[in-house]
Structures are given as C-alpha cells and as structure tokens.
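Novice:
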Amino acid sequence: MTKTLTLGYSPCPNDTFIFDALVHRRIPLGDLDFQERLEDVETLNALALAGTLDMTKISYHALGHLRRDYALLRSGGALGRGCGPLVVAREAGEMSALRGQTIAIPGRLTTANLLLQLYGEGFDQVRIMPFDRIMEAVARGEVAAGVIIHESRFTYQGLGLHKILDLGQWWEETTGRPIPLGGILIKRSLGAALIREVDEALRRSVEFAFAHPQLSRPYIKAHAQELADTVIDSHIGLYVNPFSLDLGEEGLAAVTTLLARAEERGLIPPCELPLFGY
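Going from the sequence shown to the working numbering is simple: count from 1 and add 25.
Okay, structure coming up:
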C-alpha cells in the first residue's frame with residue numbers, strides 16, 4: 026500500500042537540488058510517495074505550526090516551537106560555516122546604530138531573526154517581508170536595515186548596500202559551532218519505523234544529487250529562473266554539504282546550542298522530548 030506524505034520545501038536551489046531525486050523517484054522509494062509543496066520559508070514555518078504538512082523544511086527557530094509535534098530528520102538540512110544571514114544597510118555603520126530602528130526580516134520564525142535577537146537586545150522593531158524584497162526595501166529607505174538570506178548574500182552589493190554584520194560569523198566566533206539554518210521535520214505521529222524509512226530515503230536523495238548534479242538542474246532552474254548558473258552553483262555549494270547528508274555529532278551540537286540559547290532568552294518554549302523520532 027502506497028504511503029503518500031505531504032512534503033514542503035522552498036524553491037531555492039539548495040532545496041530543489043536536495044529533493045529532486047526524492048520527488049521525481051530517481052531513487053528506490055518502495056511504497057513511499059511524496060506530494061510536494063514549494064513555499065517560502067516563513068510560509069513553511071506557518072504551515073508546520075498549523076500541522077498541515079507531514080514533512081517539511083523549516084527554520085531552526087521554528088523548530089523551537091514545533092518539537093512536541095514534529096521530530097527532526099538527520100538528513101536534508103542546511104547547516105554549515107560561512108553561510109549565515111547578513112545585516113545590510115544603505116550606509117556603512119555599526120549595529121549599535123540600528124537599535125530601535127526598523128529592520129526587515131524574512132520571517133518572525135526564521136533562524137535569521139533568531140540570530141538577530143540572540144545578538145543583542147534592542148533589535149525587535151522588525152518588519153516581515155519576503156526575503157527577495159528585503160534588499161530593495163533597504164535600498165529605497167523603507168527600512169533602516171535588512172537581514173538577508175539565500176542568494177541575496179551574493180547580490181546585495183549590486184544594489185549599493187553595505188554589510189553591517191555577518192550574523193553567521195558572529196555565531197561561529199562566539200560558539201565555535203556551525204550555523205544551523207534550516208532542517209527537515211516530520212510528524213512524530215507517523216511512528217519511528219516510517220520516520221527512519223523517510224530519513225534514509227532523504228539521505229539517498231542527497232547522495233544522488235551529489236553524484237548526478239546535472240540531472241537536477243532543469244528542476245532547479247524551473248524554480249529559480251532569475252538566477253544565473255554561477256549564482257545557482259554558489260548557492261548550492263554554500264548550503265548543501267556533508268551536514269546535509271547527516272547532521273552528525275557536530276551538527277547536533279550546533280542545533281542544541283542554538284535551542285538552548287533561545288530557551289535561556291525566553292525566545293522559544295522548553296521541551297524535554299528528544300530531537301529525533303527514532
């Protein structure tokens with residue numbers, strides 16, 4: 026009997042690269058089947074909070090609010106070094122000048138916003154907007170600064186913007202850990218056996234993507250048509266790495282450190298359940 030799971034992820038190149046083999050059955054899946062839904066990260070966070078999806082990419086910030094209903098998978102996530110969100114503004118300056126100012130963020134439950142709040146107090150005057158609109162809003166002076174993610178890291182200078190802070194670099198320097206950006210969650214109610222089966226299938230999907238990178242390119246470009254091949258390659262190279270195959274001990278330590286710091290600041294509720302579902 027076919028087991029069909031609803032699956033959410035973003036149209037960004039790192040996600041379409043990772044999930045291409047899974048949703049197009051380029052790998053053996055047995056009786057598993059996936060019904061995909063592509064949305065921006067904050068929409069995915071909201072869908073997970075509503076319990077809409079069986080399995081979804083989320084921000085690690087959102088994970089802090091979802092741990093009772095969803096378990097974390099070991100594969101498929103975005104975690105690494107040198108890939109964190111950037112705070113940008115029209116003029117060069119210091120973060121202290123932005124306290125009390127309006128800062129655009131790509132979503133309240135994004136890891137980008139969590140890192141901004143963990144950096145210090147006084148940065149809670151935020152305006153939520155789609156990640157691909159933030160740079161233009163900053164350039165037009167609609168907001169004092171913006172926290173940018175994804176391919177915006179590679180293109181902000183083209184709009185004459187200045188980097189105020191690399192939140193990822195700050196995180197790495199203060200914790201010694203890689204940056205947990207986004208992970209893959211699955212409903213705990215599906216049971217340990219199915220969760221393990223899905224996690225193993227997802228790992229095979231990542232392995233296939235690494236082994237046959239050109240096969241996923243049409244799917245990637247269909248959802249990132251405005252991006253040049255060089256930007257797509259840079260994006261995938263930055264966000265898809267060995268941690269995407271398996272979090273491992275180092276990745277798990279990064280995630281638990283982030284959640285612990287957020288709990289200490291009262292930014293997420295405490296939870297005693299184990300992160301993984303098997």
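Yeah, the Cβ is synthetic: ideal placement off N, Cα and C, and Gly gets one too. Being a predicted model, the structure only gives us computed values, none of them experimental.
Mapping the DSSP letters down to three states, classify I174 as helix, strand or coil.
Specialist: Stepping through the sequence shown from its first residue, residue 174 is reached at position 149. Reduced to three states, the DSSP call for I174 is coil.
Novice: State the beta-bridge partners of T81 as determined by DSSP.
Specialist: Along the sequence shown, read from residue 1 onward, the residue named residue 81 stands at position 56. T81 pairs with G33, L210.
Novice: Per DSSP, what are the beta-bridge partners of L10 in this structure?
Specialist: With the chain running from 26 to 303 in the structure shown, residue 10 is simply not present.
Novice: Take every Cβ of the segment 59-66, pair it with every Cβ of the segment 272-290, and state whether three or more of those distances are shorter than 8 Å.
Specialist: With the cut-off at 8 Å, the segment 59-66 and the segment 272-290 do not touch.
Novice: Leaving out the 5 sequence neighbours to the left and right, which residues in its chain are closer than 6 Å to L184 when beta-carbon positions are compared?
Specialist: Within the sequence shown, residue 184 is the residue found at index 159, counting from 1. Excluding residues within five positions, the ones whose Cβ falls inside 6 Å are M160, A164.
Novice: Can you check whether the CB of G33 is closer than 8 Å to the CB of L74?
Specialist: Indexing the sequence shown from 1 puts residue 74 at position 49. Indexing the sequence shown from 1 puts residue 33 at position 8. No, these two residues do not count as a Cβ contact at 8 Å.
Novice: Between the segment 37-48 and the segment 246-255, do three or more beta carbon pairs fall short of 8 Å?
Specialist: Touching, per the Cβ criterion.
Novice: Look at the Cβ atom of P203, then the Cβ atom of L91, and state whether they are nearer than 8 Å.
Specialist: Indexing the sequence shown from 1 puts residue 203 at position 178. Indexing the sequence shown from 1 puts residue 91 at position 66. Not a contact, by the Cβ cut-off of 8 Å.
Novice: For T282 and I83, what's the separation of their Cα atoms in angstroms?
Specialist: Along the sequence shown, read from residue 1 onward, the residue named residue 282 stands at position 257. Along the sequence shown, read from residue 1 onward, the residue named residue 83 stands at position 58. Distance between the alpha carbons of T282 and I83 is about 17 Å.
Novice: Please determine if the segment 175-194 and the segment 143-161 are in contact, where contact requires at least 3 C-beta pairs separated by less than 8 Å.
Specialist: Counting Cβ pairs under 8 Å, three or more are found: they touch.
Novice: CA-CA distance, E197 and Y264?
Specialist: Reading the sequence shown from its first residue, position 172 is the one you call residue 197. Reading the sequence shown from its first residue, position 239 is the one you call residue 264. Their Cα atoms are separated by approximately 16 Å.
Novice: Which of helix, strand or coil does DSSP assign to I220?
Specialist: As a first step, residue 220 must be located in the sequence shown, where it is residue number 195. Helix at I220.
Novice: Counting only runs that start and end within the segment 229-273, where is the alpha helix (DSSP H) found for 4 or more residues in a row?
Specialist: Runs of the alpha helix (DSSP H) inside the segment 229-273: 242-248, 254-264, 267-270.
Novice: For R165, does the three-state DSSP call read helix, strand or coil?
Specialist: By one-based count along the sequence shown, residue 165 stands at place 140. Three-state result, R165: coil.
Novice: Could you please give me the residues that DSSP links to D58 through a beta bridge?
Specialist: The count along the sequence shown starts at 1 and reaches residue 58 at position 33. For D58, which the question treats as bridged, DSSP gives the partners T29.
Novice: Just to confirm the assignment, what range does the alpha helix (DSSP H) spanning Y144 have?
Specialist: Within the sequence shown, the letter at position 119 stands for residue 144. Segment 136-144, the alpha helix (DSSP H) holding Y144.
Novice: Quick one: using the 10 Å Cβ neighbour count with 16 as the cut-off for buried, is H260 buried or exposed?
Specialist: Here residue 260 corresponds to residue number 235 of the sequence shown, with the count starting at 1. So H260 counts as buried.
Novice: Looking at the unbroken beta strand (DSSP E) that takes in I130, where does it start and where does it end?
Specialist: Numbered from 1 along the sequence shown, position 105 holds the residue referred to as residue 130. Note, I130: beta strand (DSSP E), 128-130.
Novice: Might you give, ordered along the chain, the residues of its own chain that have their beta carbon closer than 8 Å to the beta carbon of D271, omitting 5 neighbours on each side?
Specialist: As a working note, residue 271 is residue 246 in the sequence shown. Here the set comprises R99, S100, R228.
Novice: Does the beta-carbon distance from L186 to A114 come in below 8 Å?
Specialist: By 1-based counting over the sequence shown, the position of residue 186 is 161. By 1-based counting over the sequence shown, the position of residue 114 is 89. In contact: L186 and A114 (Cβ atoms closer than 8 Å).
Novice: Kindly indicate the opening and closing residues of the alpha helix (DSSP H) around D65.
Specialist: Along the sequence shown, one-based indexing puts residue 65 at 40. D65 -> no alpha helix (DSSP H), and no H or E assigned at all.
Novice: Taking the alpha-carbon positions, what's the A96 to A71 distance?
Specialist: If you number the sequence shown from 1, residue 96 lands on position 71. If you number the sequence shown from 1, residue 71 lands on position 46. Answer to the nearest angstrom: the Cα atoms are 16 Å apart.
Novice: Could you check the C-alpha separation between G274 and E167 for me, to the nearest Å?
Specialist: On the sequence shown, residue 274 is found 249 positions in, with the first residue counted as 1. On the sequence shown, residue 167 is found 142 positions in, with the first residue counted as 1. Looking at the sequence itself, residue 274 is Glu, so the reference to Gly does not match. Going by the C-alpha atoms only, they are around 42 Å apart.
Novice: Below 8 Å on the Cβ atoms is my contact criterion, and I expect T127 with A169 to pass it. Report the Cβ-Cβ distance as a whole number of Å.
Specialist: The residue labelled residue 127 in the question sits at position 102 within the sequence shown. The residue labelled residue 169 in the question sits at position 144 within the sequence shown. That belief holds up - the Cβ atoms of T127 and A169 are roughly 6 Å apart, short of 8 Å.
Novice: Rounded to whole angstroms, what's the CA-CA distance from P295 to R50? Just pull it up for me.
Specialist: Position 270 of the sequence shown, counting from 1, holds the residue named residue 295. Position 25 of the sequence shown, counting from 1, holds the residue named residue 50. Rounded to the nearest angstrom, the two C-alpha atoms are 38 Å apart.
Novice: Following the continuous alpha helix (DSSP H) through D45, name the residue where it begins and the one where it ends.
Specialist: Stepping through the sequence shown from its first residue, residue 45 is reached at position 20. First-last of the alpha helix (DSSP H) with D45: 38-48.
Novice: With L192 as the anchor, note down where its alpha helix (DSSP H) starts and where it stops.
Specialist: Here residue 192 refers to the residue found at position 167 when the sequence shown is read from its first residue. That run of the alpha helix (DSSP H) goes 192-200.
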